[in-house]
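Numbering-wise, UniProt numbering puts 34 at position 34 of the sequence shown, and it's gapless, one number per residue.
To keep things clear, I will list the structure first and then write my remarks on it.
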Amino acid sequence: MRVKLVLATLAVLTATACSVSSASEPSAAAPPTAPVIAPGRPGEVARTLGADEAATAVPTPTANAADVRYVRDMIVHHRQALEMATLALTHAESPTVRALASRIRDSQGPEVQVMSLWLGQQGLRGPDHHTEHGTMPGMATPEQLRALAAASGPEFDRLFLQLMTAHHRGAITMSEEVLTHGSHLRVEELANEIATTQAGEIRRMARLRSSP
């Protein structure tokens, strides 16, 4: 269950309970607002939020600057992953690595289309193919991409898993940031999907890197 959606439900229930109490007992003093428990992410403990903090955590249909920046940057981020995955289909020696690359293409290609459509719905243009990735976390450098393209066999497999693991970790970092600062419900859903999918693929790549 997503944290912000849990908070939204609890905030509505709390507000409803307070309204009923006020209507039935007009002369009584308003009871103190009950705290909201926010479940932590995997490996994190839950924490208690006050009503004001809980209200600000509820996602809305309105996009803010953090949402737009995330979607534009993630399109560029995904494009590089697709470039590396395409190389793996012809350069990798391991059938498992090729299968992983195919899975990455199958998931991230449609996600780029979804993000591009979302930008269009906001009346915004997507990044062009020459957009600089700047300091986006996890992005491979041009030198690393050239080395990957020049490699083959076991050396390609090793380098691909190394670069793609770093790339996925960067995507998770970006997703966590928009979950903290963004406001649009669809972007939150997308960020959760990306973070969950890529965390699973990181675990799979770790097993591949450690296998003989």
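Note that CB positions come from ideal geometry on N, CA and C, so glycine has one too.
Computed from a predicted model, the values in this text were never measured in an experiment.
When DSSP states are grouped into helix, strand and coil, HIS168 belongs to the helix group.
Straight across, the Cα-Cα distance linking GLU83 with PHE156 is about 14 Å. Annotation for ALA195: ILE172 and SER175 place their beta carbon closer than 6 Å to its own, counting only its chain and skipping 5 residues before and after. Judged by DSSP secondary structure, PRO110 falls within the alpha helix (DSSP H) whose first and last residues are 95-121.
Of the candidates ILE75, LEU100, GLU188 and ALA63, ILE75 places its Cα closest to the Cα of PRO127.
Burial state of THR165 is buried, judged by a 10 Å Cβ sphere holding 16 or more other Cβ atoms. Annotation: the continuous alpha helix (DSSP H) that includes LEU82 extends over 65-91. Boundaries of the alpha helix (DSSP H) harbouring GLY200: 185-210, taken from the DSSP string. Note on geometry: alpha-carbon atoms of ALA151 and HIS91 lie some 7 Å from one another. For the set THR86, VAL97 and ASP67, the Cα lying nearest the Cα of PRO154 is the one of VAL97.
Around the Cβ of SER183, a 10 Å sphere holds 16 or more other Cβ atoms; the residue is buried. By the Cβ neighbour-count rule, LEU89 is exposed, with fewer than 16 other Cβ atoms within 10 Å of its own. One alpha carbon belongs to HIS167, the other to ILE104, and they sit about 12 Å apart. Look at the beta carbons and you see the stretch 140-147 not touching the stretch 105-113: under three pairs across the two are nearer than 8 Å. Excluding its 5 nearest sequence neighbours in each direction, ARG204 has C-beta neighbours in its own chain below 7 Å: LEU100, listed in chain order.
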